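**Student:** Quick note on numbering: UniProt numbering labels position 61 of the sequence shown as 61, and the sequence is numbered without any gaps.
Each residue gets a CB set at the ideal place from its N, CA and C atoms; glycine is no exception.
The model shown is predicted, which means the values in this text are computed figures rather than measured ones.
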Amino acid sequence: QRLWLIDQLEPGSPLYNMPVAVRLDGTLHADVLERALQEVLRRHDALRTTFAQVDGEPVQVIHPEVVLPLGHVDLSGVDAAQREGEARAQVAQEMRRPFDLRRGPLVRAVLFKLTEREHILVVNMHHIVSDGW
1 QRLWLIDQLE PGSPLYNMPV AVRLDGTLHA DVLERALQEV LRRHDALRTT FAQVDGEPVQ
61 VIHPEVVLPL GHVDLSGVDA AQREGEARAQ VAQEMRRPFD LRRGPLVRAV LFKLTEREHI
121 LVVNMHHIVS DGW
């Protein structure tokens with residue numbers, strides 16, 4: 001309830017984002033990764049939860065199904081000398097992107113392609129759906 005109230009007082013704040021960025025080296029099958037992430041959402045109610053307001057109080061809404069599209073950002077066309085810096089800037093921006101507790105989903109994943117064999121996966125969730133993990 002406290003996190004919901006804070007979000008009501010400071011909407012759009014990334015303060016309670018819980019991001020992780022992982023560098024992936026080697027052959028990557030993005031379609032398989034996307035299916036795996038979707039399976040994680042299917043298995044865990046908390047990751048399919050949004051929050052509504054009923055009589056001024058927060059209420060959890062657990063959705064039977066949530067589609068988690070894997071976002072793709074292709075940086076392979078950026079000059080090699082600037083690519084790492086551009087990747088860091090865009091990853092940082094993605095990590096700060098706020099969540100809408102009413103609309104969800106409250107977890108996101110974006111795959112940044114640096115080269116055919118170098119990627120950065122950013123998975124971000126709002127703290128409100130992470131408790132109890």
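What alpha helix (DSSP H) runs, 4 residues minimum, are completely inside the UniProt domain "Condensation" (1-133)?
**Tutor:** Within the UniProt domain "Condensation" (1-133), the complete alpha helix (DSSP H) runs of at least 4 residues are 2-9, 30-43 and 80-96.
**Student:** Roughly how far, in whole angstroms, is the beta-carbon of V20 from the beta-carbon of L68, given that I think they are within contact range, below 8 Å?
**Tutor:** Rounded, the Cβ-Cβ distance is 15 Å, inconsistent with contact.
**Student:** Touching or not, the region 75-82 and the region 39-54, by the rule of three or more beta carbon pairs under 8 Å?
**Tutor:** Segments in contact, no.
**Student:** Out of curiosity, what's the CA-to-CA distance linking T50 and V59?
**Tutor:** Looking at the two C-alpha atoms, the distance is approximately 8 Å.
**Student:** Looking only at its chain, what residues have a beta carbon closer than 6 Å to the beta carbon of L28, apart from the 5 residues adjacent to it on each side?
**Tutor:** Hits under 6 Å: H119.
**Student:** Compute the Euclidean distance between the alpha carbons of G104 and R48, then round it to the nearest angstrom.
**Tutor:** Between G104 and R48, the C-alpha separation is close to 8 Å.
**Student:** From V32 to L24, what distance separates their C-alpha atoms?
**Tutor:** Rounded to whole angstroms, V32 to L24 spans 14 Å at the Cα level.
**Student:** Using alpha carbons as the reference points, say which of Q93, L15, D45 and H72 lies closest to V110.
**Tutor:** Checked all of Q93, L15, D45 and H72; the closest Cα to V110 is H72.
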